[in-house]
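Step one of this worksheet: look at the structure below.
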Amino acid sequence: MNLAALQGDFRGWLVEASEHAARRIGPAARPGLSVYQNNYRTQLVTCLAETLGHTHAWLGDEAFLAASIAHIDAVPPHAWTLDVYPAGFAETLARLYPGDAEVSELAALEWALSRAFTAPDAAPMPLTDLAAVDWDTAVLRFAPSLQILPATTNAAAIWSALAAGETPPAAALLPEAAALLVWRQDFAPTFRTIDAVEEQAIALCAAGQDFTALCASLAEALGEEPGMARAAALLGKWIGDGLIIGAAPPSTAA
Numbered sequence: 006m007n008l009a010a011l012q013g014d015f016r017g018w019l020v021e022a023s024e025h026a027a028r029r030i031g032p033a034a035r036p037g038l039s040v041y042q043n044n045y046r047t048q049l050v051t052c053l054a055e056t057l058g059h060t061h062a063w064l065g066d067e068a069f070l071a072a073s074i075a076h077i078d079a080v081p082p083h084a085w086t087l088d089v090y091p092a093g094f095a096e097t098l099a100r101l102y103p104g105d106a107e108v109s110e111l112a113a114l115e116w117a118l119s120r121a122f123t124a125p126d127a128a129p130m131p132l133t134d135l136a137a138v139d140w141d142t143a144v145l146r147f148a149p150s151l152q153i154l155p156a157t158t159n160a161a162a163i164w165s166a167l168a169a170g171e172t173p174p175a176a177a178l179l180p181e182a183a184a185l186l187v188w189r190q191d192f193a194p195t196f197r198t199i200d201a202v203e204e205q206a207i208a209l210c211a212a213g214q215d216f217t218a219l220c221a222s223l224a225e226a227l228g229e230e231p232g233m234a235r236a237a238a239l240l241g242k243w244i245g246d247g248l249i250i251g252a253a254p255p256s257t258a259a
């Protein structure tokens, strides 16, 4: 057996517990293979538990371990670093808990906050730059840490209570679907709930539409005066939150 074949069989044993792979490696190695597989799975469970600690607390040890094992069986590591392994765990939880949407939404929020923490640095746009912007053609550039998550439950309130060491509220559906805006402000990942108008406004700007198009869209949706007022309020809020890192015509916005 050459090295490539041995590596392939070793991976087959770790990921799939392949008996064919174990037999090819040889009976003398069987005790060691079991140790390696146990270490492999333990590291992945630990990675999920450390990154998604509040989800772990919400589910409890036994349920979280069972969900982790189901995820490990279905989704082997796909990158050189374990830091990205929790990606997709929320989808696994959505399949395992179809009637408890707060579970997957809590995991998605925790993972988004983790991603925001490690996102590339980008300096927020200073207030002193506003006067020089041509707002007729300006395209807003958002911080690379910005993410938007759908929200149908009170998972955000559950996360906040757990983060504060308080008893979390019972799971509940929101009166109407909303969204969570996640980003890194200064050096701290943070989030807030946004309405459909702000979600659509961010999506429009992120797609490369200029500020004039944003104002027109809001005026059409809300009426001219309320639309202009909302555009100004959103811009002020985004700048205050450190979400905007630049505003320039399309040719220079990138």
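6 is the number of the first residue of the sequence shown in this note's numbering; add one for each residue after it.
Beta carbons: idealized from backbone N, C-alpha and C, even for Gly.
Predicted model only: the values in this text are computed from it and were never measured.
On the premise that residue j lies in contact with residue i, defined as a C-beta separation below 8 Å, what is that separation, rounded to the nearest angstrom?
i, j, result
"Val108", "Gly213", "Incorrect: roughly 35 Å between the Cβ atoms, too far for contact."
"Thr217", "Asp141", "6 Å"
"Met233", "Ala224", "6 Å"
"Ala117", "Ala156", "About 11 Å separates the two Cβ atoms, so there is no contact after all."
"Leu53", "Ser73", "5 Å"
"Ile124", "Arg189", "According to the sequence displayed, residue 124 carries Ala and not Ile. Contact flag correct, Cβ pair sits at about 6 Å."
Please tell me whether residue i and residue j are closer than 8 Å, where the distance is taken between their beta carbons.
i, j, result
"Ala184", "Ser150", "no"
"Gln48", "Leu87", "yes"
"Ala167", "His59", "It is worth fixing the name first, because residue 167 is Leu in this sequence and not Ala. Contact: yes."
"Ala176", "Thr158", "yes"
"Asp78", "Pro254", "no"
"Val50", "Leu64", "no"
"Ala236", "Leu219", "yes"
Ordered along the chain, which non-local residues of its own chain (more than five positions away) have a Cβ less than 8 Å from that of residue i?
i, result
"Ile153", "Ala184, Leu185, Leu186, Val187, Ile199, Glu204, Ile207 and Ala208"
"Pro129", "Ala148, Ile244, Gly247, Leu248, Ile249 and Ile250"
"Leu114", "Leu154, Ala160, Ala161, Trp164, Leu185, Val187 and Phe196"
"Ala75", "Thr97 and Leu101"
"Ala238", "none"
"Val202", "Leu223, Ala226, Leu227 and Arg235"
Using DSSP bridges, identify the partner residues of residue i.
i, result
"Thr198", "Leu185"
"Leu178", "Thr158"
"Leu145", "Ala252"
"Ile153", "Leu186"
"Ala193", "Gln190"
In chain order, what residues of the same chain lie with their CB nearer than 6 Å to the CB of residue i, ignoring the 5 residues before and after it?
i, result
"Ser119", "Thr56"
"Ala106", "Thr157 and Thr158"
"Ala33", "Only weak support exists for where Ala33 lies, its pLDDT of 47 falling under 50; the value from the coordinates is given anyway. Correct list: empty, nothing qualifies."
"Ala68", "none"
"Ala319", "A query on residue 319 cannot be resolved here, the shown segment of the chain reaching from 6 to 259 and no further."
"Lys242", "none"
In or out: residue i buried (at least 16 other Cβ within 10 Å) or exposed?
i, result
"Gly228", "exposed"
"Pro91", "buried"
"Ala111", "Checking the displayed sequence, the identity of residue 111 turns out to be Leu instead of Ala. Burial call: buried."
"Leu240", "buried"
"Phe94", "buried"
"Ala27", "Bear in mind that the predicted position of Ala27 carries a pLDDT of just 48, short of 50, making it too unreliable to give a figure here."
"Asp215", "buried"
"Pro173", "buried"
"His83", "exposed"
"Ala252", "buried"
"Pro180", "exposed"
So, for residue i: in the same chain, excluding its five sequence neighbours on each side, which residues have a beta-carbon less than 7 Å away from its beta-carbon?
i, result
"Ala127", "Ala148, Pro149 and Ile250"
"Ala211", "Phe147"
"Ser222", "Leu209"
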